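Note that the working numbering numbers the sequence shown so that position 212 is 206, with each residue one more than the last.
Note that CB positions come from ideal geometry on N, CA and C, so glycine has one too.
Treat the numbers as computed from the prediction; the structure is a model and nothing was measured.
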Amino acid sequence: MSVGACADSPSADATRGSKADTISAGAATKGFGLVAVALVSAACAHANPTLVPARVMPAGRVVMDVGGAYVAPVAEPVLSAARVADERVRAGAPAMDSDREALARALAVFGATSAGPASYLAARGGLGSRMELQGALINLRTARVGLRRAFVFDAESKWAFAMGLAARAGVDPLAYRAVVAGAEVRSAQVFGGDFNVQIGRTSSELYDLWLGARAGYTYGAASVFHSAFAGDGVLATRVHRVELSANIGLRVGFGRFAAVAELDTTMAVFFGNADAINARVEGVTLSLVPSGALAITF
């Protein structure tokens, strides 16, 4: 914490108070960092939460978020069948064609955007002219960069509307292990982008409530080894994924600190190839993605 210059020398009580404030702020920042380390070490899936209110940051202000998300597929028999097949093969049972097909389809579909916990570290900075720059790291392995602009803002009624574009790319081998434990990733890449909108209300920066929507595209490519596959045991996948999602979020805070929560419903249409079964994979998935973060503003 910076201390401004004063015309008079501070009293002993004032000095003690200033030191106490500095120690308190330092402890809070250290705790913020410990939460970040704990979340990153526990995460292995892949998510793409928004976690931003409709209003953008003022020029020169920066907010940092540390949190996580949980990707919960809704009624995905392909994923369940793959995990059963994985357990059978790892227990020593001979792999059948149905096992190979279940594993290949699940790794192709859920490899780039697998289920489970994911960590989220992000920052947003105001650029002026109602614009802000965003950056995020998902599991410290996938980066997302975006730009948003508030097109409508009514200071009297506290309503705001914002639109943005974002791109993401990364290498996320642990995502494949989150699908099935017996997979060994040789290489994995994820590329994508999205267009997002938010409309919401703020109250003197004490709370924000918003509704949002996002349309995006993800391309995932991977080379994965599993003992169930014939030959060299390597599966190569190339999958395209078109996503539509809707979310509702709440941000509550006071001063520099805030808590953020969001619930995202994502539907994805996917299509691609899995060479180990010499087949095309396609279909539709539906997932619920609750997410949350602690935020500090500078």
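Less than 8 Å between the beta carbons of residue 221 and residue 176, yes or no? Start at 1 with the first residue of the sequence shown, and residue 221 comes out as number 227. Start at 1 with the first residue of the sequence shown, and residue 176 comes out as number 182. Cβ distance < 8 Å, so residue 221 and residue 176 count as in contact.
Those residues which DSSP pairs with residue 281 across a bridge: Along the sequence shown, read from residue 1 onward, the residue named residue 281 stands at position 287. As a beta-bridge residue in DSSP terms, residue 281 pairs with 67 and 260.
Whole-angstrom C-beta distance between residue 96 and residue 75, which should lie under 8 Å: Sequence index remark: in the sequence shown, residue 75 carries index 81 (1-based). Sequence index remark: in the sequence shown, residue 96 carries index 102 (1-based). Yes, residue 75 and residue 96 are in contact; Cβ-Cβ is about 4 Å, under 8 Å.
Cβ neighbour criterion (16 or more within 10 Å) applied to residue 218: Locating residue 218 in the sequence shown gives position 224, counting from the first residue. Sixteen is the threshold: when 16 or more other Cβ atoms of the shown chains lie within 10 Å of the Cβ of residue 218, as they do, the residue is buried.
Assigned secondary structure, residue 181 (DSSP; H/G/I helix, E/B strand, else coil): On the sequence shown, position 187 is the one that residue 181 refers to. Note: residue 181 maps to strand in three-state DSSP.
Residue environment, residue 59, which counts as buried when at least 16 other CB atoms sit within 10 Å: Translated into the one-based positions of the sequence shown, residue 59 becomes position 65. In the assembly as shown, residue 59 is a buried residue. Its beta-carbon has 16 or more other beta-carbons within 10 Å.
Where residue 79 sits in the DSSP three-state scheme: Sequence index remark: in the sequence shown, residue 79 carries index 85 (1-based). In the displayed model, residue 79 falls within a helix according to three-state DSSP.
In chain order, which continuous runs of the alpha helix (DSSP H) of length 4 or greater are located wholly inside the region 185 to 256? For the alpha helix (DSSP H) assignment, the region 185 to 256 encloses no uninterrupted run of at least 4 residues.
Identify the residues that DSSP records as bridge partners of residue 288: which are they? In the sequence shown, counting from the first residue as 1, residue 288 sits at position 294. Answer is 60 and 253, bridged to residue 288.
Identify, in the order they occur along the chain, each residue of the same chain with its Cβ nearer than 7 Å to the Cβ of residue 186, setting aside the five sequence neighbours on each side. Counting from one through the sequence shown, the residue named residue 186 turns up at place 192. A distance below 7 Å between beta-carbons, with the five flanking residues on each side excluded, links residue 186 to the following residues of its chain, in chain order: 162, 210, 211, 212 and 213.
Closer than 8 Å by C-beta to residue 120: which residues in its own chain qualify, once you throw out the five before and the five after it? Chain order, please. Position 126 of the sequence shown, counting from 1, holds the residue named residue 120. These residues qualify, in order along the chain: 50, 51, 52, 53, 54, 55, 56 and 126.
Own chain, CB closer than 8 Å to residue 292, minus 5 neighbours either side, in chain order: For the purposes of this step, residue 292 is identified with residue 298 of the sequence shown, where counting begins at 1. Excluding residues within five positions, the ones whose Cβ falls inside 8 Å are 55, 56, 57, 58 and 250.
Residue 84 - DSSP class collapsed to helix/strand/coil: On the sequence shown, position 90 is the one that residue 84 refers to. Here residue 84 sits in helix by DSSP.
At a cut of 8 Å, does the region 60 to 67 reach the region 229 to 249 through at least three beta carbon pairs? With a cut-off of 8 Å, the region 229 to 249 and the region 60 to 67 do not count as touching, because too few Cβ pairs lie within range.
For residue 86, is the classification buried or exposed, using 16 other Cβ atoms within 10 angstroms of its Cβ as the cut-off for buried? By 1-based counting over the sequence shown, the position of residue 86 is 92. Exposed, by the Cβ-count rule.
CA-CA distance, residue 265 and residue 70? To locate residue 265, count along the sequence shown from 1; it is residue 271. To locate residue 70, count along the sequence shown from 1; it is residue 76. Roughly 16 Å separates the two Cα atoms.
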